[in-house]
Amino acid sequence: MIPAKFDYIKASSVNEAIDLLDKHGFDAKILSGGHSLIPAMKLRLNQPEVVIDISAIPGMNTITEDGDEIVIGANCTHNEILKSDLINNELNILAQAAKTIGDIQVRNRGTIGGSLAHADPSADYPATVLACEATIVAEGKNGSRTIAAADFFQGIFTTALEDEEIITAIRFPKVANGNYQKFYQSASRFAVVGVAVVKNGDAVKVGVTGVADTPYRATAVENAYDGTSSAASHAVDGVEVMSDHFADTEYRSHLAKVYVKKALEA
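So the sequence shown is numbered by our numbering: it starts at 1024 and just counts up by one.
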């Protein structure tokens, strides 16, 4: 449980972090809250030669309103999201998801940017960013760009980020009617199934995490939605449902339908 030897550098700006990533390449890893990277390093599943700490970069832990959007800095912790009046009033579904993450220690240190960049298939935020149709703001050597949530998650622990890019912010549209439901593994509180539903008139958007190697939009549910929860029966249509020691494929498929139904009825 002791990490391999590494050099630690605390970046003072986004540009410095990008330059360091560009210089060290695959030998470097970004550290923000550390709740994904540090456990992997302790198990030596990840052995970076250089750890670049971005936690103190100014302007990356703010939560602001920009017209019809809420802009969340990548270094905002789960607890900061949970306690934000702006998020609770204008994007409550995200506060609901943040409340379910880990324990108080995890919520005080873990960050939304780190969670999204790590892309754990059982993390909570991916379902929410998908259902909300959020955009991820990334900065790299070629400048800043936005990545639609639908394009961001590309496989297990794999995202659309380029090697020298870091997430600086996430932009969410305001959501008046959203709900997050979760069945979790009791020790870690990781989602066995997590479902985010955003309702807008007669339409719904549904994001699902914990069910497949990649979080996904349950478009079959969205297309079948008729104002009732019967569309939940389509929760895993066209999805390769994963199996592990927490839930086999059959049970996880059942849970997905149950929790989509709960979120639709909430």
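Idealized CB from N, CA, C, for every residue including glycine. All figures in this text were calculated on a predicted structure; none of them were measured in a lab.
Taking C-alpha atoms, which residue in the options lies nearest to residue i?
i, options, result
"T1085", "K1065, K1106, L1068 and Y1274", "K1106"
"I1095", "A1173, V1220, N1112 and F1195", "F1195"
"G1082", "I1116, L1044, N1038 and N1131", "N1038"
"D1154", "N1223, L1184 and D1045", "What sits at residue 1154 in the sequence shown is Ala, not Asp. The shortest Cα separation from A1154 among N1223, L1184 and D1045 belongs to N1223."
"F1049", "D1186, Y1248, S1035 and I1190", "D1186"
"K1205", "V1129, L1117, L1068 and L1139", "L1117"
"N1202", "I1179, R1132 and A1289", "A1289"
"E1245", "K1228, T1232 and S1256", "K1228"
"A1034", "S1055, K1028, P1026 and M1024", "S1055"
"E1113", "L1044, F1175, V1221 and K1028", "V1221"
"A1161", "T1100, A1192 and G1133", "A1192"
"K1065", "D1147, K1028 and M1265", "K1028"
"A1097", "V1074, T1134, I1110 and V1152", "T1134"
"I1159", "G1166, H1101, N1165 and L1184", "L1184"
"Y1148", "V1259, T1087, G1163 and A1219", "A1219"
"T1087", "N1069, A1079, D1108 and A1247", "D1108"
"E1156", "S1167, D1045, D1042 and V1231", "V1231"
"M1024", "S1036, L1068 and L1287", "L1068"
"L1287", "D1030, K1046 and D1249", "D1249"
"G1178", "H1047, L1044 and A1142", "A1142"
"K1285", "V1262, T1251 and T1272", "T1251"
"G1233", "V1262, D1225, A1226 and A1243", "V1262"
"L1139", "L1060, S1036 and L1044", "L1060"
"D1225", "N1200, G1090 and S1256", "N1200"
"K1164", "Q1119, N1131, K1046 and Y1031", "K1046"
Our contact map puts residue i next to residue j with C-beta atoms below 8 Å; I'd like the distance itself, whole angstroms only.
i, j, result
"E1015", "K1197", "Since the first residue of the chain shown is 1024 and the last is 1289, residue 1015 is not available in this structure."
"A1235", "P1144", "7 Å"
"A1040", "I1170", "In fact, because the Cβ distance is near 18 Å, the residues do not count as touching under 8 Å."
"A1051", "P1026", "Contact doesn't hold; Cβ gap of about 14 Å is too wide."
"I1110", "I1075", "I1110 to I1075, Cβ: 28 Å. No contact."
"G1125", "R1212", "5 Å"
"V1283", "R1275", "The Cβ separation is near 12 Å, so there is no contact."
"Y1207", "T1100", "Incorrect: roughly 19 Å between the Cβ atoms, too far for contact."
"A1121", "P1238", "The pair is not a contact, with the Cβ atoms about 16 Å apart (cut-off 8 Å)."
"A1247", "K1280", "Between K1280 and A1247 the Cβ distance is about 12 Å, and since that is not below 8 Å, they are no contact."
"D1030", "V1073", "5 Å"
Go ahead and pull the three-state DSSP assignment for residue i.
i, result
"G1178", "strand"
"Q1070", "coil"
"D1143", "coil"
"K1065", "helix"
"V1160", "strand"
"E1245", "helix"
"A1120", "helix"
"T1085", "coil"
"I1032", "strand"
"L1184", "coil"
"S1253", "helix"
"I1127", "helix"
So the beta strand (DSSP E) residue i belongs to, where does it begin and stop?
i, result
"T1092", "Contrary to the premise, residue 1092 reads as Glu rather than Thr in this sequence. Residues E1092 to G1096."
"R1168", "G1166 to A1171"
"R1212", "Counting along the chain, R1212 falls outside any beta strand (DSSP E), and DSSP gives it neither H nor E."
"Y1296", "Because residue 1296 is not part of the residues shown, which for the chain are 1024 to 1289, the question remains open."
"L1054", "A1051 to L1054"
"P1196", "I1189 to P1196"
What span of residues does the alpha helix (DSSP H) with residue i cover, start to end?
i, result
"D988", "This structure cannot settle anything about residue 988, because the visible part of the chain is limited to 1024 through 1289."
"E1039", "V1037 to H1047"
"K1028", "Per DSSP, K1028 belongs to no alpha helix (DSSP H) and is neither H nor E."
"T1272", "T1272 to E1288"
"V1152", "Y1148 to C1155"
From the DSSP output, read off the bridge partner residues of residue i.
i, result
"G1230", "A1219 and R1240"
"T1134", "T1100"
"I1075", "I1032 and I1053"
I'd like to know if residue i contacts chain B, where contact means its C-beta is closer than 8 Å to some C-beta of that chain.
i, result
"L1060", "This model lacks chain B altogether, as it is built from one protein chain only."
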